[in-house]
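Note that our numbering numbers the sequence shown so that position 94 is 88, with each residue one more than the last.
Glycine included, C-beta positions come from ideal geometry on N, C-alpha and C.
Take a look at the structure below.
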Amino acid sequence: MRFQKIIELREEGINLADHLPAGTLDEVGAMCAKGYRDDLDSRREWEDRNAEALKLAMQYFERKSWPWEGASNVKYPLITTTAMQYNARAYPALVPGREVLRIKTFDGVRDDTLVQIEKALNWSIMEESSEWEEEHDKLLMIQPLVGFVVKKVFYDPQLLRNRSQVVLPQNFVVDYFAKSLDSATRKTHVLSYTENELEEMFRMDYFRRVDVQPVDKEQRDYAKAVDEIHGFEKPVASEEYTVLEIHCWLDLDEDGYAEPYVAWIIDEQVLRIFPRFDKIYFARKGDIIEATNTDLLGMGYKVARIQAEEYFVKYGFIPSPDGSIYDIGLGILLTPNNEAVNSILNQLIDAGTLSNVQGGLLSRGIRIRSGNLDIQPGRWHKTDADAEELQKGVFPWPIKEPSGTLFNLLGLLIDAGQRIGSVSEAMMGSMPGQNTAATTVMASLEQGMQVFSAIYKRTFRSMTLEFRKWFELSMKYVDPEMYEDMKGLVVPIADPNIVSATQRMVKAQAVIERATMAPHLYGDQGMLEAERRYLEALQVEGIETLLHPGEFQDPMAQAQQAETQANMQVAQDESQREWLRTQANAQKDQATIQSKAIDDTVKQREIALKEVKSAMDYEIEKEKLGQGRS
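As structure tokens, then:
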């Protein structure tokens, strides 16, 4: 089949299997089925280990016949407890409210268009796709138990909207040593159809009609363990059909370059083949063009590369030490520890049973009139033997009380398991003591969350990838015109560095305190954002209706501002009073100077008058002397 024909059938949504020869279909069916079996065999050991862990986690009951029939077979829920604690912390941290994502820009500028796109994406995930939150909750419980779970993000043409579906680990198969999920050459989603559902797919021409028989084969250990836990038993004539949805690369145009397809296979028979092309790159003499127009092939261009459309997002827990794509979870980590705890716990219970209900040996001379000797509260048995004979003729088993060493070992193993799962007493809600300082509790929490923080960041990265796939699907199928103008990156609204509500509250409170201490640095907008983050940490709904940017002013800042203004007024008044005092003193000094000047003038005048009077007296005396001589 020519590549141009493949593109034409893809655009029309037509099943390629209806246009391929029977020989090609047989080859594709056999190759895909063999590849699936090879991938399944590659992870066999991982499946077996998780099957045992899942039985422990689900408290799968098994009757025990040793050391006696009905002996204690209690299973301590260590794995389940640690997984529940992870879910309890991760779920509210990753899904803090009805808004789970935001759009991040390079310069931090967000216009009205980005805000509207952000609201549309949040609404489509949390409201329109009503199953998303429940699916994510389920994922955060499976992830810590198994260590590996995927989400399938796709556009549903029947519902006309995006979907994000959890694919259980037993139903998703990939090569054990694949480098990554996107680079894996083959990924298989194992689907189950009832007879009626399969017939519907035939009648809608979605599947090519073939002759099939119900699958009645021995289940894989992992899938069988899951069914046993839930109490499922396959009937002799099962009406379930297993269909393999295989995401692979096939060279259908026989040009030596394999293209990405999705093939649906049942019993090595091809039901449907559909291209999963995302972007096609054409090349000619170093000139590379991204296009879907196959006319370029007639213009000297050739297909250089095809980017596959990926549907699956991996949510891992702890990377496997052997480099496998299958991460390990608490199930594999804690199974040996949990089995040891169960063994010691059952030994203690059995020892207590033997200690409370004693048995032993009776001599032949001891005759019990009532026949068989059974021990029940308030029951006495008659015997022909006297007390001395009884004392000599009854020999109880030398059974000791339950060992205190086993008690200590049991506590040590449980504590070690909780530490591996990052479940300390403080993290479970048990405070160290009434008088313990809050800083001590916070330090204990921080110490206990070190391992969890790394896992949380891995989960954050997976959510980022899932939301970006959701956006790409919305831009391609939902409303291309609305989303094509977005210039930013979609990221979860959760903070990857905060793993608890307490941490979120402390961080928000610290921002409030800093903004209050230096309001001139933050301004009204900064104070508004600080308050918004604090309310988000409190998980308050309807924040937009509570905060009004034009009217917002922090009460503490307002009080501080009022105090500052009052102090400035006092200082101003004091300065005014000081100026008045200065002016008064200056006037007083001036008056003193003027008074002194007047006094000096008067004295000068008095002196001058005295001098004039003396001169006149002198002249008078002189005249008198002159007259006397005459």
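Sequence-distant residues of its chain with Cβ nearer than 6 Å to F465 (five each side left out): So the qualifying residues of the chain are V484.
Here's the rule: buried if 16 or more other CB atoms are within 10 angstroms of the residue's CB, otherwise exposed. What is D169? buried
Can you find the residues in the same chain that come closer than 7 Å, C-beta to C-beta, to L290, ignoring five residues on each side of it along the sequence? F276, I283.
Comparing alpha-carbon positions, which option in R270, A82, Y295, L3 lies nearest G650? The displayed coordinates of the chain run from -5 to 624. Any statement about residue 650 would go beyond what the structure contains.
I believe L238 touches I259 by the beta-carbon criterion, under 8 Å. Please report the beta-carbon distance rounded to the nearest angstrom. 4 Å
Compute the beta-carbon to beta-carbon distance between I274 and L327, rounded to the nearest angstrom, for a pair I have assumed lies under 8 Å. About 44 Å; that fails the 8 Å criterion.
Going by C-alpha to C-alpha distance, which of K49, F55, N81, I73 sits closest to N67? F55
Are the Cβ atoms of N402 and L72 separated by less than 9 Å? no
Along the alpha helix (DSSP H) that carries Q79, what are the first and last residues, could you check? 72 to 88
From the DSSP output, in three-state form, read off Y320 for me. coil
Consult DSSP for K501 and reduce its assignment to one of helix, strand or coil. The DSSP-derived three-state label of K501 is helix.
Close Cβ partners of G29 (< 6 Å) along its chain, the five nearest in sequence each way excluded: R180
Can you tell me where the alpha helix (DSSP H) with R527 in it begins and where it stops? 513 to 531
Quick check on this structure: which residue in T377, S349, R373 has the alpha carbon closest to the alpha carbon of R654? Shown here, the chain extends from -5 to 624; a query on residue 654 therefore has no answer.
Let's see if you can read the secondary structure: which residues bound the alpha helix (DSSP H) around I300? Counting along the chain, I300 falls outside any alpha helix (DSSP H), though it belongs to the beta strand (DSSP E) covering 296 to 302.
Apply the 10 Å Cβ neighbour rule to W126 and answer buried if 16 or more other Cβ atoms are within range, or exposed otherwise. buried
Is it the case that the region 29 to 49 contacts the region 156 to 175, given that we only count it when at least three CB pairs across the two stretches are under 8 Å? Look at the beta carbons and you see the region 156 to 175 touching the region 29 to 49: at least three pairs across the two are nearer than 8 Å.
Counting along the chain, where does the beta strand (DSSP E) carrying P254 start and finish? 253 to 260
Do P254 and A302 have their C-beta atoms closer together than 9 Å? yes
Apart from the five residues on each side of it in sequence, which residues of its chain come closer than 6 Å, Cβ to Cβ, to I322? G141, I312, S314
Between the CA atoms of P513 and M120 - distance to the nearest angstrom: 37 Å
Taking C-alpha atoms, which residue in L404, L355, E395, N336 lies nearest to L348? E395
Near I338, what residues of its chain come up, given a Cβ to Cβ distance below 8 Å and the 5 sequence neighbours on each side ignored? L400, L403, L404, L407
Candidates A45, D101, L133, R96: which alpha carbon is nearest Y80's? Closest option to Y80, Cα to Cα, is L133.
With F(-3) and D249 assumed to form a contact (beta carbons below 8 Å), what rounded beta-carbon distance in angstroms separates them? 7 Å
Thinking just about the alpha-carbon of each residue, which of A591, L88, L467 is nearest to the one in L115? L467
Between V256 and the rest of its own chain, which residues show a CB-CB distance below 6 Å, the 5 nearest in sequence each way excluded? H241, F268, R270
Any beta strand (DSSP E) of 3 or more consecutive residues that is wholly inside the region 85 to 129: 95 to 98
According to DSSP, I240 sits in a beta bridge with which residue or residues? According to DSSP, I240 bridges with T182, A257.
Rounded C-alpha distance that separates F148 from R157: 5 Å
Determine the DSSP secondary structure at A591, reduced to helix, strand or coil. Helix.
Keeping to the same chain, check which residues put their C-beta closer than 7 Å to that of E93; ignore five residues upstream and five downstream. N116, I487
Determine the extent of the beta strand (DSSP E) in which Y477 is found, giving its start and end residues. Not the beta strand (DSSP E): Y477 falls in the alpha helix (DSSP H), residues 474 to 477.
Endpoints, beta strand (DSSP E) assigned at K308: 306 to 310
Can you check whether the CB of A531 is closer than 9 Å to the CB of A502? yes
Assuming A642 and M499 make a contact with CB atoms under 8 Å, what is their CB distance in whole Å? A query on residue 642 cannot be resolved here, the shown segment of the chain reaching from -5 to 624 and no further.
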